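Number of protein chains: 4
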Amino acid sequence: MEFFKGIDKIEYEGSKSKNDLSFKYYNPEEVILGKKMKEHLKFAMSYWHTLTGGGMDPFGEQTIIRSWDTLNPMERAKARVKAGFEFMEKLGIEYFCFHDKDIAPEADTLEEYFKNLDEIVDEIEKEMKRTGIKLLWGTSNMFSNRRFVHGAATTCNADVFAWGAAQVKKALEITKRLNGSGYVFWGGREGYETLLNTDMGLELDNLARMLSFAKEYANEIGFIGQFYIEPKPKEPTKHQYDFDSGTVIGFLRKYNLDKDFKLNIEANHATLAGHTFQHELRVARINDMLGSVDANMGDTLLGWDTDQFPTNIYDSTLAMYEILMDGGFKEGGLNFDSKLRRASIDVEDMFFAYIAGMDTFAKGLKIAAKLYEDKVFENIIKERYSSFDTGIGKKIVNKEVGLKELSDYALGLKEIKNTSGNQEKLEMILNQYILG
Amino acid sequence: MEFFKGIDKIEYEGSKSKNDLSFKYYNPEEVILGKKMKEHLKFAMSYWHTLTGGGMDPFGEQTIIRSWDTLNPMERAKARVKAGFEFMEKLGIEYFCFHDKDIAPEADTLEEYFKNLDEIVDEIEKEMKRTGIKLLWGTSNMFSNRRFVHGAATTCNADVFAWGAAQVKKALEITKRLNGSGYVFWGGREGYETLLNTDMGLELDNLARMLSFAKEYANEIGFIGQFYIEPKPKEPTKHQYDFDSGTVIGFLRKYNLDKDFKLNIEANHATLAGHTFQHELRVARINDMLGSVDANMGDTLLGWDTDQFPTNIYDSTLAMYEILMDGGFKEGGLNFDSKLRRASIDVEDMFFAYIAGMDTFAKGLKIAAKLYEDKVFENIIKERYSSFDTGIGKKIVNKEVGLKELSDYALGLKEIKNTSGNQEKLEMILNQYILG
Amino acid sequence: MEFFKGIDKIEYEGSKSKNDLSFKYYNPEEVILGKKMKEHLKFAMSYWHTLTGGGMDPFGEQTIIRSWDTLNPMERAKARVKAGFEFMEKLGIEYFCFHDKDIAPEADTLEEYFKNLDEIVDEIEKEMKRTGIKLLWGTSNMFSNRRFVHGAATTCNADVFAWGAAQVKKALEITKRLNGSGYVFWGGREGYETLLNTDMGLELDNLARMLSFAKEYANEIGFIGQFYIEPKPKEPTKHQYDFDSGTVIGFLRKYNLDKDFKLNIEANHATLAGHTFQHELRVARINDMLGSVDANMGDTLLGWDTDQFPTNIYDSTLAMYEILMDGGFKEGGLNFDSKLRRASIDVEDMFFAYIAGMDTFAKGLKIAAKLYEDKVFENIIKERYSSFDTGIGKKIVNKEVGLKELSDYALGLKEIKNTSGNQEKLEMILNQYILG
Amino acid sequence: MEFFKGIDKIEYEGSKSKNDLSFKYYNPEEVILGKKMKEHLKFAMSYWHTLTGGGMDPFGEQTIIRSWDTLNPMERAKARVKAGFEFMEKLGIEYFCFHDKDIAPEADTLEEYFKNLDEIVDEIEKEMKRTGIKLLWGTSNMFSNRRFVHGAATTCNADVFAWGAAQVKKALEITKRLNGSGYVFWGGREGYETLLNTDMGLELDNLARMLSFAKEYANEIGFIGQFYIEPKPKEPTKHQYDFDSGTVIGFLRKYNLDKDFKLNIEANHATLAGHTFQHELRVARINDMLGSVDANMGDTLLGWDTDQFPTNIYDSTLAMYEILMDGGFKEGGLNFDSKLRRASIDVEDMFFAYIAGMDTFAKGLKIAAKLYEDKVFENIIKERYSSFDTGIGKKIVNKEVGLKELSDYALGLKEIKNTSGNQEKLEMILNQYILG
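Protein chains in written order, with the working numbering: chain A, 935 to 1370; chain B, 935 to 1370; chain C, 935 to 1370; chain D, 935 to 1370.
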């Protein structure tokens, strides 16, 4: 059965095309810096937003209704598998990501739930074989069910912790079985609502314990994918422990988990924490923790996770720039953790939205590659910090001096001469690269 | 010479007093939980806002004019010493804090600047002896002068780094000489304006180097006070590296500085980072890094550091609660990093403002002490997390289980029963303690 | 059938009571400024949050489950009527508010839906007669159903406008039948998602048309209750047309509707627009448009409508102060548009939360009444602006001068002397009134 | 004397130029939609940021030092005139804007101040004649001086009101003398710091009085330029009365000033109020109040007015689109109310920054013109709202129906069919126009 009738494989037609169902900038086989576009970008479909989302918001019911919505739960789950793979094939997307709960219905007992999962994983496996599409990462949803009202790893209820552990175990097994190249922890309820009833110390220790347990079990079963933490500051809980890259890296260091985890950076989570997308990528990069990316965009004038499809060329350019500077993706990729606007109710909108996101990142990659090749910013930075390459600067870097020597040096200085930061010029140059 | 003529020593007159120049709640000798109020609170005057501030803002000139403003720089500096100590005596404040630049005028050369500093430190020392008032902490201002336009420890200019180092050395020596119980780093320019010209990795490494140099020099000269970092997220630079407690603790761990530094938490910096004051104190507390406090409040509907005198009873109560839970201040105290509103132009306003802040914290202490004694929240928390004291919970905490055992346990669970978080009830109880 | 077994009528027990199910400050019959507390406060139960809410959020399913949740739609609707009135009786709440959709299930056709409504309105009417409880205001939900995806009055689809009009007509008729003293428009979808596809001019004209139609129909059927607009800035749509008080008042003036509508001010909507609750009340008050109040509170560190039960004494005091200054409520009252935290899952939490809110406003009223009686702020304000009572100031106010006369006057001034704003002193005095 | 030695007239060199001191997109004589680029854009230099700014911020002293900074006040003022006109000539900018205070030093008396102003206006007039450069608008700075600590038109001190009136009178006379095509009111201190001491009603009435006085005096002296209000929400005061376009328009309507004033929209003020730049322009446009534009950009992750040079192509495109839809500028233009970053300390940075801003708007104009010509969004909007062109929709628009007829119509509807909003597609198309 074909789910997206009337929509053919989306082809690259170039920037002048008037065909809304074509790529204007994404040309998967085009070689950029010696690598194919598609290998640079490693686009992934998010199972949840794409196949289970419906446009609901806190003030309104489902607006987006798909053909599979009327089926019974297991049939619906199977239809979604087929629809998802058809969708990826038509877009030429080679990866996907999922939570356990996205792919199969929960059940009254864990046992039954796991059976449901296994049944659907069979279907997914078949489709993966048929199409060659790969699993970028798996994860477990430990935030939607009411059981996790007080958290999963950071719950006050040991039974709930155990339940979460069981889900992680199962999701890890599935991810391994499907050859997933990574596994993500996003702590949707790992935070607090009010400090008045919260033992923050115990909760954080327990969070670290859950991560250790997961890593140990992965070793046991031979899962060699990369583990990731996905930072987010303050939704749904008032305070989420994985606030931002800086916080998460500090947390991992505290519990000696920093060798075992990298970060899955989401654009909209960055802005909710008061950072740019590029900032979060940069922080991860300089700590050697840039793992994977959730590609979307937020609305910085709104205070919640809008998870919009990314269509801002500045963001995609600077993100791809950081990724290129990091040597490109290894296990990670660009997962569209993006959802259709509530009012984008047509099936075609799914395609328009992915095309918009893929084109924006493709064009961003091309611009970033040019910036990278021309060493536009790198040369400026090299020059700007060159006083640390020789003389007193070098001694500082090598810690061959202390306050005393530095003070003596400063006392001997005739004048201090700073150079301009030239921010406006740099923004102008960036614009020239973007606008052509 | 008396600077605040007509204003006598501010006395405690109780909550019914109609005398605006009296304390309504702050009764310094009153014993709370076995310790005098003044020993719990350890109020400090901030030299800068109190003695050098003038109500300027980005859109307007000085509005607050003091009698010393017409003097020449060194005379003005000396008058401020006298005025400051008179002010503290009249308020019964036993500590103060300062930046090098607050106390003496900068000069054309470092040498001259240091001479100016020494001359004023002599005056301060005399006043300290005369009054018994102590130095809570010292610091160096490495952000106002144009020299630090690109940062001090994180500058791109090695000469500027050296200059900053010289200032830190001098400020450390002064702090030691004045028996300061601590030394603070607030990195007013340690951040970036745009990533396009920034080598974040080098900048952070250099920041850590400066901190190491300071610690080493302190050891060398026998300064045994506590070192602090003061987190702040995004002012004046677009991104300040010491974003919040979580970020700073992670940074200190990365560079093995976490044993040498604690945090100086500022209320308004907490809210600018998207956190409550209590949150930042809690994070510091559970990491054993709660050092000292900058007492003020911000306006959460405004996006900049308003540094208002703290008059919110919820904030002062919950702050004092965290401090009591931490065992009270050791080297630290409550420094009023608070400035008069631009329109509070009278000399009396200085007193009103400090009285307002001191009373708010005094009343907050009394309420917090009652909450602490009654174990209001502690008992609730103990009960709430009790499932981790026995059975499977205890095994989790002791890491005697792994995913497999937890999964087996979860598969055997009949049902999961969560208890209510009772947030509204807890807020009601808190109100009862506050409102009497 | 009793829904809240084991919970008796909530009684006033005073501020020392340890009984969580008692009022500490709300003493309904106590006379304040010549009027009973309950007449000042006019508390109302919100039908939606109280009876249909379940703790859902964008990341999680229902956590709060009531006994009626398993019944079929019409039986559930009837049970809610009984439960709601039992709840109000036990709390001594004398008013309620509802949307059409809260009380009866929607149906496939409008006709059927209206029949459902009528059937439930019969039940409500009976309970109102039995208990004496009154309807504060009614409204129509024109935002949850997918039909309103592009708005109701501001939709791009004329059929949807008509549907909305039919709902308003019905809701008006119900409100009249139940003797409601008001009718509210909250435009949950009256805004836009993107300007790229929006005809803002037509949408606003149509919004005004809907309001005119409603007013005309009210006149026709003899509904004499007060009409209100409830401002909110940006949720659920990116931009809601009824942004804040200032915007709404301007809109009403533009379309000559300012005589027919007042405002229903919600605390959390105020803060989302960047204003304090008091600000919005003040703006409404000075424009003679303060109608009714949605009592809740938001979290100013979070960017969405948290609709928390109001437990902040500053907010309730200053709100009641504005209401007293406005002469007290006329047709309006204090509706608890507040919802339980997702983790407050017990039936008792409903009571705790309302008690917390009612006590906070009762105490706020008492403090505000004292401020009002003592003319604390009024005397200060009178003095502060007294230069406009005589001389040149009076001439300005009377427009007896122009720029020329004023310039001549200014040229003749020797000096300008401003007085202090004394903000910190005023905050201290406010604290004294609050803390006793 | 030449102030910008070594910098020649900036020429258009096209988008491939590597010359940082050339225009890449701004080709002043190029004809777009039948009009020259320079006539569409009407760029203006802001006297203040460009000639008097120095990179100060609340935490740091002046970093940007110009050759004229060492001169005495009147000589400095004269040098700035020369420098400003040289700067405009070299950039090909044909307009400028100023506050009284920007051009001449304040003095001890008003009389002396006015004399200073007259002396400098003579110089400006000469330069205007020499160069043909025109005055876009004038204004009076009634916020920097300490005298305005409580406001100017909204002060509590009638003498200050009078002083402000004298300044407005003088600034109006100067603006008339210099043939200014407009006069702006930006109420930098027209707001409040705390409601506790504020008579909001009187303050707003007085604000309206000042505006009336100005309009009347303009009539008297025959000044026929356009009056503008510039909205801004919350800086420097806690709440500025001219919050945003919606608020200002409502205010003007209340006082019957809406025929006499238009709006001067600033990009960064829009975002501080929680709106996009385009939103504020649109609101002004549909109310026929779009007057002039302050071109800059803010940082939506920061909470204060950063006044950055505008380099975001989305903003400039959508702004120019609204301006084209409004029929282009009449009396207004694009004033760069933008300041150099604190670290952009070179003279060249002045040029880089203006070039960046002018290029961004030039390119934005070209893209907007193409969108306008192709009726990209207009056709979509026309189709989207077409149900209001016939049938029931037309009757709604013509108010030929009421709730009763609409309800009857709705009861007869079989189903409601909404079309997709296609937001992602529209964003993709916009990207295609931008990226080429």
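Yeah, the Cβ is synthetic: ideal placement off N, Cα and C, and Gly gets one too. From a predicted model like this one, the values you see are computed outputs, not experimental measurements.
How would you list, in chain order, the residues of chain E whose beta-carbon sits under 8 Å from the beta-carbon of residue i?
| i | result |
| --- | --- |
| residue 1102 of chain B | No chain E is part of this structure, whose protein chains are labelled A, B, C and D. |
Using beta carbons (cut-off 8 Å, strictly below), is residue i in contact with chain A?
| i | result |
| --- | --- |
| residue 1230 of chain D | no |
| residue 939 of chain B | no |
Any beta carbon of chain C sitting closer than 8 Å to that of residue i?
| i | result |
| --- | --- |
| residue 1147 of chain A | no |
| residue 1001 of chain B | no |
| residue 1167 of chain D | yes |
| residue 996 of chain A | yes |
| residue 1322 of chain B | no |
| residue 1365 of chain B | yes |
| residue 1200 of chain D | no |
For residue i, I'd like the list of residues in its chain whose CB is within less than 6 Å of its CB, leaving aside the five on either flank, ordered along the chain.
| i | result |
| --- | --- |
| residue 1306 of chain C | 1258 |
| residue 1227 of chain A | 1199, 1268 |
Rounding to the nearest angstrom, what Cα-Cα distance links residue i and residue j in this structure?
| i | j | result |
| --- | --- | --- |
| residue 952 of chain C | residue 1252 of chain B | 21 Å |
| residue 1058 of chain C | residue 1045 of chain C | 20 Å |
| residue 959 of chain B | residue 1296 of chain B | 6 Å |
| residue 1198 of chain D | residue 1137 of chain D | 22 Å |
| residue 1077 of chain C | residue 1264 of chain C | 28 Å |
| residue 1052 of chain C | residue 1322 of chain D | 32 Å |
Can you find a C-beta in chain B that's less than 8 Å from the C-beta of residue i?
| i | result |
| --- | --- |
| residue 1019 of chain D | no |
| residue 1238 of chain D | yes |
| residue 1357 of chain A | yes |
So that I know if they touch, is there some Cβ in chain D lying closer than 8 Å to that of residue i?
| i | result |
| --- | --- |
| residue 1164 of chain B | no |
| residue 1279 of chain B | yes |
| residue 993 of chain B | yes |
Please go through the same chain and pick out, in chain order, the residues whose beta-carbon is closer than 7 Å to the beta-carbon of residue i, but skip the five residues on each side of it.
| i | result |
| --- | --- |
| residue 1204 of chain B | 1210, 1211, 1213, 1214 |
| residue 1103 of chain A | 1151 |
| residue 1286 of chain D | 954 |
Note down, in chain order, each residue of its chain lying with its Cβ closer than 8 Å to the Cβ of residue i, except the 5 sequence neighbours on either side.
| i | result |
| --- | --- |
| residue 986 of chain D | 1014, 1036 |
| residue 1094 of chain C | 1081, 1082, 1084, 1085, 1086 |
| residue 1237 of chain A | 1206 |
Bridge partners for residue i per DSSP, in chain order?
| i | result |
| --- | --- |
| residue 1268 of chain A | A:977, A:1227 |
| residue 1199 of chain D | D:1227 |
**OP:** Taking only beta carbons into account, state which residues of the region 1074-1098 of chain D come closer than 7 Å to chain C, listed in chain order.
**Re:** Against chain C - using a Cβ distance shorter than 7 Å - the residues of the region 1074-1098 of chain D are 1081, 1083, 1084, 1090, 1091, 1092, 1093, 1094, 1095, 1096, 1097.
Subject >> Under 8 Å (Cβ pairs) to chain D, residues found in the region 1041-1066 of chain A >> reply: none
**OP:** Taking a Cβ distance cut-off of 8 Å, strictly less, list which residues of the region 1260-1276 of chain C are near chain D, in chain order.
**Re:** none
Original post:
Which residues, taken in chain order from the region 1115-1142 of chain B, show a beta carbon closer than 7 Å to some beta carbon of chain D?
Top reply: Taking 7 Å as the Cβ-Cβ cut-off against chain D, the residues of the region 1115-1142 of chain B that qualify are 1122, 1127.
Original post:
What residues in the region 1171-1191 of chain C bring their beta carbon closer than 7 Å to a beta carbon of chain A?
Top reply: 1172
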